[in-house]
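Peer 1: Mind having a look at this structure? Questions to follow.
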Amino acid sequence: MNIFILDADATLSARYHQDAHIGKMALEGCQLLSTCHPADVAPYRHTHVNHPCALWARSSTANYDELVRRTGALLNESAYRGHGFSESVARALHVLRD
1119 MNIFILDADA TLSARYHQDA HIGKMALEGC QLLSTCHPAD VAPYRHTHVN HPCALWARSS
1179 TANYDELVRR TGALLNESAY RGHGFSESVA RALHVLRD
C-alpha cells in the first residue's frame, strides 16, 4: 500500500506514473479509501487498516478528498494511455466519492 505523490497536481502526478504502476495504484487508492468507511458498506474489504497511508487517509476530510482526486486522476490517465481501467475500481471510486 502506497500513495505515490509525484507532483502537487494530481493530474500531473498521475501522468508521471509508469505504466506498470497506474492500475495498481488506482486499486490501492480505492482500498485505502475503503478503510475510511464501515466494513459493511465499504466497496473493498478492510486491509492494512493500521498502515500509515490508511491512517493518513482517515485522519482528515482533506486527506480523503486528496486521495479521491489522485485515484480519479490515475484512472483517467490509464484510460488516456489506452490501458482502459478496471470497471470495478471505477465503480468503487464512484461510491467512495459520494
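In the numbering used here, the protein residues as written are 1119 to 1216. Every residue, glycine too, gets a C-beta built ideally from N, C-alpha and C.
#1: Express the C-alpha separation of residue 1140 and residue 1132 in angstroms, rounding to a whole number.
#2: Thinking C-beta only, is residue 1189 closer than 8 Å to residue 1157?
#3: Output the residue ranges of the alpha helix (DSSP H) runs that lie fully inside the region 1158-1200 and measure 4 residues or longer, sorted by chain position.
#4: Please say whether residue 1211 and residue 1148 have beta carbons closer to each other than 8 Å?
#5: Could you check which residue in 1135, 1201, 1195, 1205 has the C-alpha nearest to that of residue 1120?
#6: Are the CB atoms of residue 1185 and residue 1151 nearer to each other than 8 Å?
#7: Do residue 1213 and residue 1170 have their CB atoms nearer than 8 Å?
#8: From what residue to what residue does the alpha helix (DSSP H) around residue 1129 run?
#9: At the level of alpha carbons, what is the spacing between residue 1181 and residue 1172?
#10: Starting from residue 1147 and walking both ways along the alpha helix (DSSP H), at which residues does that stretch end?
Peer 2: This is what the structure gives:
#1: Walking along the sequence shown from the start, residue 1132 turns up at place 14. Walking along the sequence shown from the start, residue 1140 turns up at place 22. Straight-line Cα distance between these residues: approximately 7 Å.
#2: As a working mapping, residue 1157 is identified with position 39 in the sequence shown. As a working mapping, residue 1189 is identified with position 71 in the sequence shown. Taking 8 Å as the Cβ cut-off, residue 1157 and residue 1189 do not qualify as a contacting pair.
#3: 1170-1177, 1179-1198
#4: Counting from 1 along the sequence shown, the entry for residue 1148 is found at position 30. Counting from 1 along the sequence shown, the entry for residue 1211 is found at position 93. Taking 8 Å as the Cβ cut-off, residue 1148 and residue 1211 qualify as a contacting pair.
#5: The residue given as residue 1120 occupies position 2 in the sequence shown. For the residues 1135, 1201, 1195, 1205, the minimum Cα distance to residue 1120 belongs to 1135.
#6: Taking the first residue of the sequence shown as 1, we reach residue 1185 at position 67. Taking the first residue of the sequence shown as 1, we reach residue 1151 at position 33. Result yes, Cβ atoms of residue 1185 and residue 1151 sit closer than 8 Å.
#7: Numbered from 1 along the sequence shown, position 95 holds the residue referred to as residue 1213. Numbered from 1 along the sequence shown, position 52 holds the residue referred to as residue 1170. Not a contact, by the Cβ cut-off of 8 Å.
#8: Along the sequence shown, one-based indexing puts residue 1129 at 11. Unbroken alpha helix (DSSP H) run through residue 1129: 1128-1134.
#9: Stepping through the sequence shown from its first residue, residue 1181 is reached at position 63. Stepping through the sequence shown from its first residue, residue 1172 is reached at position 54. Their Cα atoms are separated by approximately 10 Å.
#10: As a working mapping, residue 1147 is identified with position 29 in the sequence shown. Residue 1147 -> alpha helix (DSSP H) spans 1137-1152.
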